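Visitor: Dropping a structure here in structure tokens format, bear with me for questions.
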Ligand SMILES: [Ca+2]
């Protein structure tokens, strides 16, 4: 059993990632969700965290509210991709639950100290909360077991030609995380998430499976598919954050290489992750594993196996 804290900005792909994590009851213990400004503002993402937990029937999981702004900059959000509410504009009823009183950064620091070396951090939004925890507690990096990040890209961004959204939102925070010295960091960025594409057949399958979770995923991805079409004239959508959870469930899904990663914070390439493969740049000391690609078939088999058991075999019939 892996103990994880998901640091998240839900977000359509965040929502699906959280549902997948909660469906793997034997493999993942989700200790809490910590929220961060990202796809939409902090109040919206925090409300969305509760909505997702409601859908999953997991109102026992605490939600800690984190950073409302990046460390040093101000950015616009991503409503064009995720809807005005950040969750596909379904006009769902709001949960009556409230976030815990403790701030997300203080919670992260406290929780990993109490359970030293046993907790994996799973940031699937901008890295603001994690960077603040590093700055606030010198022991923090030593208490964390592992950090598995959705963000960055070795080859090509999605906000600019070089920057991926989460790193672009808060490049200073991303830089701090890579320089911090965690025992184990894995950066799963666009080089791998591009491989996990929800096509029209699979999305239709979710509708036909007809459970609250499958219909929810079908419905929230409507706006997301529209965003991909408007942006790049592509049909379907990329399940970025979901790949990170799938990787925790089966490490074979993502191919990685050892690298030294730094993050550009200024100029034309701000928010870009600069990846030095250590087998080429021998003077650079490895500070993470970088994902180079994903096994799409294995990803979707894992996705359906946990979330919608019995349907993983049907996936094989469709041209994933
Ligand atoms: Ca996210």
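Residue numbers (the working numbering): 680 to 999. Heads up, the beta-carbon is just placed ideally off N, CA and C, and yes, glycines get one too. Quick caveat: nothing in here was measured; it's all calculated off a predicted structure.
1. Using CA coordinates, which residue listed in 762, 710, 751 and 746 is at the minimum distance from residue 737?
2. By the DSSP assignment, the alpha helix (DSSP H) with residue 807 in it spans what residues?
3. Considering Cα atoms alone, identify which of 687, 822 and 839 is closest to residue 719.
4. Please name the residue in 761, 937, 984 and 977 whose C-alpha comes closest to that of residue 966.
5. Got a list of residues with beta-carbon closer than 5 Å to any non-hydrogen atom of ligand 1, in chain order?
6. Thinking just about the alpha-carbon of each residue, which of 812, 927 and 767 is nearest to the one in residue 727?
7. If contacts are defined as beta-carbon pairs under 8 Å, then residue 999 and residue 979 qualify, I think. What distance do you get, rounded to the angstrom?
8. Could you name the residues of the same chain whose beta carbon sits closer than 6 Å to that of residue 907, not counting the 5 residues immediately before and after it, in chain order?
9. Which value, in whole angstroms, describes the spacing of the CA atoms of residue 973 and residue 724?
10. Compare the C-alpha of residue 707 against each of 798, 785, 882 and 956 and name the closest.
11. Does residue 989 pass the burial test, meaning 16 or more other C-beta atoms within 10 Å, or should it be called exposed?
12. Comparing C-alpha positions only, which one of 848, 863, 742 and 811 sits nearest to residue 796?
13. Quick check on the DSSP output: what are the complete beta strand (DSSP E) runs of length 3 or more inside the segment 950 to 983, in order along the chain?
14. For residue 954 and residue 975, what's the separation of their Cα atoms in angstroms?
15. May I ask you to report which of helix, strand or coil DSSP gives residue 705?
16. What does the alpha-carbon distance come out to for the pair residue 703 and residue 924?
17. Keeping to the same chain, check which residues put their C-beta closer than 7 Å to that of residue 729; ignore five residues upstream and five downstream.
18. Note down, in chain order, each residue of its chain lying with its Cβ closer than 7 Å to the Cβ of residue 848, except the 5 sequence neighbours on either side.
19. How about residue 968 and residue 935: are their beta carbons less than 8 Å apart?
20. Under a three-way DSSP split, which group does residue 939 fall into?
21. State whether the segment 849 to 863 contacts the segment 878 to 889, with contact taken as three or more CB pairs (one from each stretch) at a distance under 8 Å.
22. Would you decide whether residue 879 is buried or exposed? Buried here means 16 or more other CB atoms lie within 10 Å of its CB.
23. On the DSSP bridge assignment, give the partners of residue 725 in chain order.
24. For residue 922, tell me which candidate among 869, 883 and 950 has the shortest Cα-Cα distance.
25. Among 772, 939 and 813, which has the Cα closest to the Cα of residue 732?
26. Please classify residue 811 as buried or exposed, where buried requires at least 16 other C-beta atoms within 10 Å of its C-beta.
27. Please classify residue 837 as buried or exposed, where buried requires at least 16 other C-beta atoms within 10 Å of its C-beta.
28. At 4 residues or longer, what runs of the alpha helix (DSSP H) sit wholly inside the segment 739 to 812?
Guide: The structure says:
1. Comparing Cα-Cα distances from residue 737 to each of 762, 710, 751 and 746, the minimum goes to 710.
2. It spans 807 to 815 - the alpha helix (DSSP H) in which residue 807 sits, taken as one unbroken run.
3. Among 687, 822 and 839, the Cα nearest to that of residue 719 is on 687.
4. For residue 966, the nearest C-alpha among the options comes from 937.
5. Per the Cβ criterion, the list is 688, 690, 693, 803, 804 and 920.
6. Closest by alpha carbon: 767.
7. Going by Cβ atoms, the distance from residue 999 to residue 979 rounds to 5 Å, so yes, they are a contact pair.
8. 913 and 916, listed in sequence order.
9. Those two C-alpha atoms are separated by around 27 Å.
10. Here the closest residue by C-alpha is 798.
11. Looking at its Cβ environment, which holds fewer than 16 other Cβ atoms inside 10 Å, residue 989 is exposed.
12. The option with the nearest alpha carbon to residue 796 is 863.
13. Those beta strand (DSSP E) runs which fall completely within the segment 950 to 983 and span 3+ residues are 952 to 956 and 967 to 973.
14. Roughly 23 Å separates the two Cα atoms.
15. Secondary structure at residue 705: coil, using DSSP grouped into helix, strand and coil.
16. Each residue's alpha carbon lies about 10 Å from the other.
17. In its chain, beyond the 5 residues on either side, 742, 774 and 776 have a beta carbon closer than 7 Å to the beta carbon of residue 729.
18. Contacts found: 717, 749, 754 and 805.
19. Yes; because the gap between Cβ atoms is below 8 Å, this pair is in contact.
20. Secondary structure of residue 939 (DSSP, three-state): strand.
21. Three or more Cβ pairs closer than 8 Å define a contact, and the segment 849 to 863 falls short of that threshold against the segment 878 to 889.
22. Under the 10 Å beta carbon count, residue 879 is surrounded by fewer than 16 other beta carbons and is classified as exposed.
23. BP columns for residue 725 are empty, so no partner.
24. The candidate whose alpha carbon is nearest that of residue 922 is 869.
25. Measuring from the Cα of residue 732, the nearest candidate turns out to be 772.
26. Counting Cβ neighbours within 10 Å, residue 811 comes out buried, since at least 16 surround it.
27. Under the 10 Å beta carbon count, residue 837 is surrounded by 16 or more other beta carbons and is classified as buried.
28. If we require 4 residues or more, the alpha helix (DSSP H) runs fully inside the segment 739 to 812 come out as 758 to 761 and 783 to 793.
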